[in-house]
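S.K.:
Residue numbers (our numbering): 9 to 137.
What follows is the structure in structure tokens.
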């Protein structure tokens with residue numbers, strides 16, 4: 009019988025694998041959104057993916073990923089509700105922040121240490137308020 013630690017390690021590995029797939033979907037949807045900024049289906053899918061990444065990452069002990077996903081979710085909610093437009097600048101910011109999530113997910117500390125997370129949070133926050 010597997011120990012709790014082994015089960016958690018297996019579930020965490022599955023979370024990482026599934027999130028990588030979600031991030032690929034996000035990149036594809038953001039590319040669609042860049043070409044067609046009013047694509048309601050793409051916006052809805054992006055919002056749902058950000059929401060799922062946020063919740064899952066918090067459950068599995070990745071709070072920084074959860075916070076970035078939360079900020080992305082808030083921006084996508086504003087786009088979804090028509091409060092802001094999916095401009096090239098916004099889409100690029102979302103793409104950049106989802107790329108950071110990918111780096112953090114890989115636990116690539118050499119790369120992650122070079123990322124100014126504080127600056128990223130400020131850029132995202134400016135688009136939430």
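Don't be surprised by glycine CBs; every beta carbon is placed ideally from N, CA and C. Computed from a predicted model, the values in this text were never measured in an experiment.
Tell me the rounded alpha-carbon separation between residue 12 and residue 45.
M.R.: Cα to Cα, the separation comes out at about 45 Å.
S.K.: Is any non-hydrogen atom of the ligand ZN found closer than 6 Å to the C-beta of residue 103, if you look at the structure I gave you?
M.R.: As far as ligands go, the structure on display features none, and thus does not contain the ligand ZN.
S.K.: When you compare each of 22, 92 and 96 to residue 67 by their alpha carbons, which one comes out closest?
M.R.: Measuring from the Cα of residue 67, the nearest candidate turns out to be 22.
S.K.: Could you check what DSSP says for residue 13 in three-state terms: helix, strand or coil?
M.R.: The answer is helix: DSSP assigns residue 13 an H, G or I state.
S.K.: Are residue 94 and residue 83 close, meaning C-beta to C-beta below 7 Å?
M.R.: Not in contact: residue 94 and residue 83 (Cβ atoms no closer than 7 Å).
S.K.: Cα separation between residue 58 and residue 110?
M.R.: Rounded to whole angstroms, residue 58 to residue 110 spans 13 Å at the Cα level.
S.K.: Using only the alpha-carbon positions, how far apart do residue 63 and residue 132 sit?
M.R.: Near 18 Å, if we compare the C-alpha coordinates of residue 132 and residue 63.
S.K.: On a Cα-Cα basis, can you pick out the residue from 14, 30 and 70 that is closest to residue 55?
M.R.: Answer by Cα proximity: 30.
S.K.: Work out the CA separation of residue 75 and residue 69 for me, nearest whole Å.
M.R.: Whole-angstrom Cα-Cα distance: 12 Å.
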